[in-house]
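These notes are about the structure you will find just below.
Residue numbers (our numbering), protein chains in the order written: chain A, 1 to 170; chain B, 1001 to 1271.
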C-alpha cells in the first residue's frame, strides 16, 4: 500500500449500519476519524492511550478502544458508536434508559464508553453476574460515580432486555 | 509522530518495509505502539501494521497437547478457546476485555516491563518461537527471544508450547488494583512433582526486571525437595537474585525486591 507521506487518504467504513467514507491524515486513529472526520463526537477522547476506555466503540462487533486503531488499516470495517444505539431520538436503548434511571451518569464523560462496553457484554452474556459486569467495565474509568450506580444500571438493563427478549419470543 | 501507515499483505512486503525505513515501527494490536506513535514528539516514523497480512498469523492450533498460537492472535481469542483454559488466569490479569480485543500474543512478547504477563507464562511453559525473516524461518526458545528480542527485519510468527500436566501450572500477578493494572511482580511456574519431591521446576518472573526472565536460583531451591512452605519460602528468597527490579509509577525497585519472595511463595503454594 503505497502512499505519499503528506496527503490524506480516504478510508471506507460501515458506521452504525451505513457506508461512510472519511478523509484522514496519515496515521490517524479511528477515534480521530469518527470525531473529526465524521463529526460523531459521542465517542470521547480521554487519555488517547488505551487506559481510560472513554473511546470504546464496537469494531466488527467487538468492544475496542478507537484511540488504539490506525484507521488506514480498517478499510471495510464495521464500526458501531454510541450514536447508533438508540433506534430514534425518542427511543433510547435499554442500557441508556437504565443509566438515566439509576443515576449512573454525572458529568457524562465516561458514559458513552461505559455503555458500549456494557452493550458488548450483554450481546455475549444476557444474564451477567455482578462480577461479569465489573470485569466488562474494568477498562472504563469513571471519576464521578464510584461505579456502583453504573454496575446497577447495567444489571438492570440486562434484566429489562431479558424480559423484553422473552416477551418477543412468546 | 506518525508520518505514514503501511499495511502489507505479505511477509515479504513487511521485511521490505522494515529494511527500507530504519525508523519504521511494527504495529500488532497497537495497544502500546499506537499511543506512542500518535502522542510522541519524536522523528517522523512509518508504522508497519501486521493486521492485514494474508499469512494467517492469527490461528490457534491444538495438536494433541501441543498448542501453537499465531503471533497476531488477539488475547480475547485465546480467552474464548476452552482448550486453552490453563491460560485463563494469565489472560484475565492482562488489561481489560476491551483491551484484550486489540492486544496480541506477539505484542505481549515485545512490550517493555512491567507489561508482558503472557510472555512470562510462555517462558515458564517452555515455549518456542517461530521467527520469520528474509533468510527464512528459525525456531528459538521463548526465553531467549524474551531476553534478547529479534534482529531487525525479523518477525515473530508463532509461539508453541506443550500443555502442562493438570495442576502443575501456577500463575500469580501482584498489582495495585484487582483488574486492569500493571505488574508489581508476576510469577509463572510449571512444577512437576514425583515421589513426593519436586522433579522439575520452570519459574518465570515479570515486573521485576526489564524483560520477562527465568528464575534459576528459585528453581534450584525447589528441585529435589518436597513442595511445602519451607521450600517455597526458600525459592522465594532465592528468586531475588534472579530479579533486577526497577522503579516506575506502580512500585519502587525496593518494594518489588521486598515483596517478590512473598509472591513467589504464594504462586507456588496458592497461599
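Just so you know, even glycine gets a beta-carbon here, dropped at the ideal spot from N, CA and C.
Residue i in three-state terms, based on DSSP
i	result
residue 51 (chain A)	coil
residue 92 (chain A)	coil
residue 1168 (chain B)	coil
residue 1216 (chain B)	helix
residue 1046 (chain B)	strand
residue 65 (chain A)	strand
residue 156 (chain A)	helix
residue 1157 (chain B)	strand
residue 1032 (chain B)	coil
residue 121 (chain A)	helix
residue 139 (chain A)	coil
residue 167 (chain A)	Caution is warranted here: a pLDDT of 42 is assigned to residue 167 (chain A), below 50, making its placement in the model unreliable, and no coordinate value can be reported.
residue 134 (chain A)	helix
residue 29 (chain A)	strand
residue 1004 (chain B)	strand
residue 1133 (chain B)	strand
residue 75 (chain A)	coil
residue 1141 (chain B)	strand
residue 1189 (chain B)	strand
residue 1026 (chain B)	strand
residue 70 (chain A)	strand
residue 1152 (chain B)	coil
residue 1074 (chain B)	strand
residue 4 (chain A)	Per-residue confidence for residue 4 (chain A) stands at a pLDDT of 49, beneath the threshold of 50, marking its modelled position as unreliable; the derived number appears in the next sentence. Three-state DSSP puts residue 4 (chain A) in coil, outside helix and strand.
residue 1052 (chain B)	coil
residue 44 (chain A)	coil
residue 39 (chain A)	coil
residue 129 (chain A)	coil
residue 146 (chain A)	coil
residue 1037 (chain B)	helix
residue 1093 (chain B)	coil
residue 1014 (chain B)	helix
residue 1019 (chain B)	helix
residue 113 (chain A)	helix
residue 103 (chain A)	coil
Pick from the options that is closest to residue i, judged by C-alpha positions
i	options	result
residue 1291 (chain B)	B:1151, B:1134, B:1125 and B:1107	Since the first residue shown for chain B is 1001 and the last is 1271, residue 1291 (chain B) is missing from the structure and cannot be characterised.
residue 1212 (chain B)	B:1145, B:1017, B:1046 and B:1139	B:1145
residue 64 (chain A)	A:36, A:113, A:23 and A:99	A:113
residue 67 (chain A)	B:1058, B:1033 and B:1261	B:1033
residue 130 (chain A)	A:148, A:75, A:117 and A:71	A:148
residue 1115 (chain B)	B:1203, B:1004 and B:1031	B:1031
residue 49 (chain A)	B:1207, B:1136, B:1250 and B:1038	B:1038
residue 1206 (chain B)	B:1063, B:1199, B:1010 and B:1257	B:1257
residue 108 (chain A)	A:8, A:16, A:54 and A:137	A:54
residue 52 (chain A)	A:125, A:142 and A:164	A:142
residue 255 (chain A)	A:34, A:78 and A:118	Past the boundaries of the shown model lies residue 255 (chain A); chain A is included only from 1 to 170, so the question cannot be answered.
residue 1195 (chain B)	B:1223, B:1183, B:1121 and B:1208	B:1223
residue 70 (chain A)	A:145, A:91 and A:11	A:11
residue 1046 (chain B)	B:1198, B:1183 and B:1008	B:1008
residue 37 (chain A)	A:135, A:8, A:152 and A:132	A:8
residue 1176 (chain B)	B:1259, B:1002, B:1209 and B:1079	B:1259
residue 1200 (chain B)	B:1178, B:1165 and B:1208	B:1165
residue 134 (chain A)	A:144, A:28 and A:117	A:117
residue 1082 (chain B)	B:1061, B:1035, B:1001 and B:1178	B:1061
residue 139 (chain A)	A:91, A:27, A:75 and A:115	A:115
residue 1210 (chain B)	B:1180, B:1247, B:1202 and B:1174	B:1247
residue 1024 (chain B)	B:1048, B:1250 and B:1066	B:1048
residue 1127 (chain B)	B:1068, B:1055 and B:1249	B:1068
Paired residues, beta bridge with residue i - DSSP
i	result
residue 1175 (chain B)	B:1183
residue 23 (chain A)	A:10
residue 80 (chain A)	A:58
residue 18 (chain A)	A:15
residue 1063 (chain B)	B:1066
residue 1100 (chain B)	Its beta-bridge partners do not exist; DSSP assigns none.
residue 1162 (chain B)	B:1066
Quiz item: Does the segment 1162-1174 of chain B come close enough to the segment 1067-1086 of chain B that 3 or more CB-CB pairs lie under 8 Å?
Solution: Touching, per the Cβ criterion.
Quiz prompt | Ordered list of beta strand (DSSP E) runs contained in the segment 1192-1270 of chain B, each at least 3 residues | solution = 1197-1206
Quiz item: Taking one C-beta from the segment 1215-1234 of chain B and one from the segment 1146-1161 of chain B each time, how about it: are there three or more such pairs within less than 8 Å?
Solution: no
Quiz item: Does the count of Cβ pairs from the segment 82-97 of chain A and the segment 1097-1110 of chain B closer than 8 Å reach three?
Solution: no
Quiz item: Contact between the segment 146-162 of chain A and the segment 90-102 of chain A: three or more CB pairs below 8 Å?
Solution: yes
Quiz item: Using 8 Å as the Cβ pair cut-off and three pairs as the minimum, do the segment 42-60 of chain A and the segment 18-26 of chain A touch?
Solution: no
Quiz item: How about the segment 1187-1201 of chain B and the segment 1259-1271 of chain B: do they share at least three Cβ pairs that are nearer than 8 Å?
Solution: Contact between the segment 1187-1201 of chain B and the segment 1259-1271 of chain B is present: three or more C-beta pairs spanning the two stretches fall below 8 Å.
Quiz item: Taking the runs of the alpha helix (DSSP H) that are 4 residues or longer, which of them lie wholly in the segment 1105-1131 of chain B?
Solution: Listed in chain order, they are 1105-1110 and 1117-1124.
Quiz item: Are three or more beta carbon pairs between the segment 1063-1075 of chain B and the segment 1105-1122 of chain B nearer than 8 Å?
Solution: In short, these stretches touch, since the Cβ pair count reaches three.
Quiz prompt | Cβ pair count under 8 Å reaching 3, the segment 1210-1226 of chain B against the segment 1241-1252 of chain B | solution = yes
Quiz item: Does the count of Cβ pairs from the segment 1017-1026 of chain B and the segment 74-82 of chain A closer than 8 Å reach three?
Solution: no
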